[in-house]
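In the working numbering, the protein residues as written are 6 to 342.
We put the CB at the ideal spot given by N, CA and C, even for glycine.
Heads up, the thing below is written out as C-alpha cells.
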Amino acid sequence: MEKIIVLGGKGGVGKSTISAATAVVLSDLLPDKKILLISFDMAHNLTDLFNSEIGNKLTLISDNLWAIEPDPHKYAEKYTKNLISKMKALMREMPLVGLIPQIEKFMDTTFTADSIPLALKNAMFFQEILDAENQQSQKFDIIVADFPPTGNMVALFEIPEDQVKVVLKYSLNFYNSIKDAVRKFSKVFRNIIKPFDDPKKRRELGKEIFKMLVDLEERGERITELIHTFGSLRLVTIAEKPSFEEIKRARDLTEKYINLDGVHINLITPQHDECEFCSNVRNIQLNYVGQIRKEFKNLKIWESNRLEKEPFGLKGLRNLAREVYGDINNPNDILSP
Ligand SMILES: Nc1ncnc2c1ncn2[C@@H]1O[C@H](COP(=O)(O)OP(=O)(O)OP(=O)(O)O)[C@@H](O)[C@H]1O
Ligand SMILES: [Mg+2]
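Here it is as C-alpha cells:
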C-alpha cells in the first residue's frame, strides 16, 4: 500500500466524479501499479459513472484499475458470522435456556446481520481496505476512496477505533435481553439445572468470544494506522459560500484522523464572452476562489471548470481528469501534491 486518497466535501460538488477521474488518470500514468476505486457512500454511484455494473465485487475497469461498491450488509454478515455463531452456542450453554423450545427461533431472529447497527455496517467499508492490504494475489498499491458528504465522512473516520465498542454494545444488548429471563428461570429451577450446567464450557466460549472482539479491535486499530500513514484527504468544494464553509468545518473535524493535502474547487462556470449572466456568475465564483485559496494557502488547490458534458464513462472521466489536473506527466503531482 502506498497511498489512500480520500475525497470529501459537501453533497453534490463532484466527489465521486473527481474520485473516479483521479483513479482513471493514475491508472493511465502508473501502468505497473494496481489501483482500487472504492465507494464509501451507501448510495453508491460508481456504476453510473462508469456505465458498467460494479456492485459488491472487485470489478476490472481497465488493465490495472478495479472498482468496488461494497455492500455493507454482506460485509456485516461475513465478519460477524463467527461471532454470532459463538454467541448462539453460549446461549445454548446457559442453564435451561438451551431447553426452551422457542430459543432457536428467538436467536435466529435476534442474531441476524440485519440487527447489526448501521454504524457497524458502515465500518465494514474499511474492511475492504484491510483485505486489499492483506490479499497476496491482489495487493493494491493505491486506493482512491469516494466518501459520503461531510457529516457521514466524520462518522466513518470515527468508526474503526470505535467498532469494538459498537460490537460490545450490540452483544451486551442481546445478552441483557435474555439475561433476566434466564435468571428468573435459574432461581426457580436451581436444583433441576445443576446436573445440566457446564460452566467450564461457558467460560471457554466466553474466552473465544473475547478473542474475536480483540481481533476486531486490532483490525480497527490497523485501519486507523493505515489511514494515518497513507491517507491523503482532498476536500472538494464549489465556489459558493455554503460549500466553502463546509470544507472549513470538514478540515477541523477530520484533522485528527487524516492528513489534508489539497482542495478541489470544482464546477466553476467557464468564460463566455457573449453571455452576460455567465460572466456575472463566474465573477462571483472567482471571488470565492480567491477566498478559498487564501483560507487554504498552504495546500495544493486544483481548479476545474464545469464541463459542457457530464463526465461519464472512461472517456468522460479522462476529460475531467485533464480539466482538473491539466496535462500531467508526473503522477506524484497527484499522489503527493
Ligand atoms: N467538472 C464538472 N463538469 C461537469 N459536470 C460535473 C463536473 N463535476 C461533477 N459534475 C457532475 O455533477 C454531478 C454531481 O457530481 P458527483 O455525483 O460526483 O458529486 P458528489 O459530491 O459525489 O455527490 P454526492 O454528495 O451526492 O455523493 C454529477 O452529475 C456529475 O456528473
Ligand atoms: Mg458521490
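Residue nearest to residue i in terms of C-alpha spacing, selected from the options
i    : options                   : result
K38  : D151, D68 and H49         : D68
E308 : G321, P316 and T274       : T274
L272 : L319, Q296, F152 and E328 : E328
L240 : E230, G60, E279 and I270  : I270
G14  : A326, E226, E163 and I243 : I243
M217 : T27, N50, G19 and M92     : M92
S248 : P154, K206, I228 and H49  : P154
N63  : E281, K246, D53 and P75   : Note on residue identity: the sequence assigns Leu, not Asn, to residue 63. Nearest C-alpha to L63: P75.
A28  : H78, K83, L70 and D266    : L70
C283 : L65, E213, R311 and L35   : R311
N157 : I214, P336, T259 and S24  : T259
E313 : E213, E251, Q276 and Y262 : Q276
V159 : R224, D257, S44 and K192  : D257
N324 : I10, I23 and M6           : I23
I9   : F145, D33 and R207        : F145
L210 : F131, R97, K189 and Y293  : R97
A94  : E213, A81, I297 and G19   : E213
Y262 : E250, T234, E245 and E281 : T234
I73  : I252, I40 and K20         : I40
A81  : F131, Y293, S57 and E109  : F131
D33  : E245, P336 and I134       : P336
V149 : E279, E250, R298 and L31  : L31
I164 : A26, L291 and I228        : I228
E138 : K20, R224, M99 and Q296   : R224
G318 : S21, G16, F55 and A25     : F55
V11  : R287, G295 and D266       : D266
Exposed unless 16 or more other CB atoms sit within 10 angstroms - verdict on residue i
i    : result
L104 : exposed
D46  : buried
F162 : buried
H49  : buried
D53  : exposed
R254 : exposed
P77  : buried
R208 : exposed
D151 : buried
T85  : buried
S90  : exposed
V219 : exposed
P316 : buried
G236 : buried
L65  : exposed
V193 : exposed
S44  : buried
S341 : exposed
E7   : exposed
E230 : exposed
G321 : buried
F301 : buried
Reduced DSSP category for residue i - H, G, I as helix; E, B as strand; rest coil
i    : result
H269 : strand
D151 : strand
L221 : helix
T274 : coil
N303 : coil
L5   : Outside the displayed range of the chain (6 to 342) lies residue 5, so it cannot be described from this structure.
K38  : coil
S237 : strand
S309 : strand
A72  : strand
K86  : helix
S44  : strand
G19  : coil
G156 : helix
I9   : strand
G14  : strand
Heavy atom of ligand 1 within 7 Å of residue i beta-carbon
i    : result
R311 : yes
E328 : yes
P316 : yes
P75  : no
G17  : yes
N288 : no
L240 : no
G156 : no
G14  : yes
N139 : no
N271 : yes
L325 : yes
Practice problem: Let me have the residue list for ligand 2: C-beta closer than 6 Å to any non-hydrogen atom, ordered along the chain. | Solution: In chain order, the qualifying residues are K20, S21, D46, N50 and D151.
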